[in-house]
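Take 6 as the starting number for the sequence shown in the working numbering and just add one per residue. Notes follow once the structure below has been shown.
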Amino acid sequence: AVRSGGLLVRRTRGQWERKYGMLGGCEEVVEGIKDACDEIIVGRDDIFYSQKVRQLLSKMRKQKMEESACIIQRRWRHFRLSQVVRICVQGLQTCPPPVPPKREYRVQGGHKIWNAGISRVLYV
């Protein structure tokens, strides 16, 4: 089949659904494409379209896959972060970290001052 001086690609509706089903139903996609170009024919069993329409469909398909990948990655990151937070909170509730021992010295001006003989030490 030839239309507008170019060879048309022929696909069955099953082939269409496997390749471009992510864009939506055949008729919905065709209605959206007709504004850009009219080189597409939808029959009862077959769909005919030009090379220009094939390139447009491939571009739409690639854009849809990239958008979907971004959504999946965003949701996966959120899921992983919530899992890490949940694990950390549960772990701290069941076994809190130990209280560090009291230092036997204090630091003043970058030097250690030992607390020997001092009954009360103020920590700053």
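All residues carry an ideal CB built from backbone N, CA and C; glycine is no exception.
Item, Value
"Round the Cβ separation of Tyr54 and Leu13 to the nearest angstrom and send it over; I've been treating them as touching at under 8 Å.", "6 Å"
"Considering only C-alpha positions, which residue in the set Trp119, Pro103, Pro106 and Arg16 is nearest to Thr59?", "The question names Thr, yet the displayed sequence has Arg at residue 59. Comparing Cα positions, the closest option is Arg16."
"Do you know offhand how far Val34's Cα is from Arg79's?", "27 Å"
"Taking C-beta to C-beta, are Lys24 and Cys42 nearer than 8 Å?", "no"
"Check Arg59 in the structure and name its three-state DSSP category.", "helix"
"Does DSSP classify Val126 as helix, strand or coil?", "Its pLDDT being 49, under 50, Val126 is placed unreliably by the model, and the measurement read from it follows with that caveat. DSSP places Val126 in coil when its eight states are reduced to three."
"What span of residues does the beta strand (DSSP E) with Lys117 cover, start to end?", "His116 to Trp119"
"Alpha carbon to alpha carbon, how far is Ala74 from Cys31? Give it in angstroms, no decimals.", "23 Å"
"Alpha carbon to alpha carbon, what distance is there between Thr99 and Lys64?", "53 Å"
"CB His52 to CB Trp81, shorter than 8 Å?", "Residue 52 is actually Ile in this sequence, not His. No, Cβ-Cβ distance for Ile52 and Trp81 is not below 8 Å."
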